[in-house]
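Asker: Quick one: structure below, then a few questions.
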Amino acid sequence: MDAKLRLDAIGRTLVLALQENARASYAELGRLVGLSPPAVAERVKRLEDQGIIKGFRAEVDRGRLGYGLSAFVRLRCRAETFPAVEAFARTVTEVVECHEVAGEDAYVFKLVARSIQHLDEILLRLAAFGATTSSLILSSPVAGRVLPPAGE
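Taking the UniProt record's numbering, the leading residue of the sequence shown gets 1, the next gets one more, and so forth.
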């Protein structure tokens, strides 16, 4: 794990504000923290260079893109399959998250699918690596939480 980087009050405010609205202009952010837009741009660039801000992306409605189902899938497999499992996860569009975990399972995936049949097709492909257990996501009461730096 990387050591926690210390942020001053301006850095903390920028991190929180950009998590809430990544499209905020440097002028808007500057008004929030009392800096000029060029100074904010430099601070944001520094946060990116430090790896605190990893990127900016649009949050999309997967259902409106045709993926009406989401599921968590746990995979129990042998260590020698790990490279192939990770290659599978990187190349299958419907795998939106892949986590190597400790415990009885080796991986936990978050998948999206167009239908139950489509999900079943993906699960059959995953079963080539080991035993799977699936849970359909009915709702996500907490998703995409904005995080302050730890300890605050």
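Glycine is no exception: its CB is placed at the ideal position from the N, C-alpha and C atoms. This structure is a prediction, so every number in the text was calculated from the model and none was measured.
Tell me which residue opens and which closes the alpha helix (DSSP H) that residue 82 is part of.
Answerer: 82-91
Asker: Per DSSP, which residues does residue 113 bridge with? Please list them.
Answerer: 69
Asker: For a test of the three-state rule: what should DSSP assign to residue 94, helix, strand or coil?
Answerer: coil
Asker: Quick one: measure Cβ to Cβ for residue 129 and residue 85, integer angstroms, because I've assumed they're closer than 8 angstroms.
Answerer: 5 angstroms
Asker: Alpha carbon to alpha carbon, what distance is there between residue 97 and residue 91?
Answerer: 12 angstroms
Asker: Can at least three beta-carbon pairs, one atom from the segment 112-119 and one from the segment 60-71, be found at a separation below 8 angstroms?
Answerer: yes
Asker: Quick check on residue 122: buried or exposed, where buried means 16 or more other Cβ atoms within 10 Å of its Cβ?
Answerer: buried
Asker: Taking residue 27 as part of the alpha helix (DSSP H), name the residues at either end of that continuous run.
Answerer: 26-33
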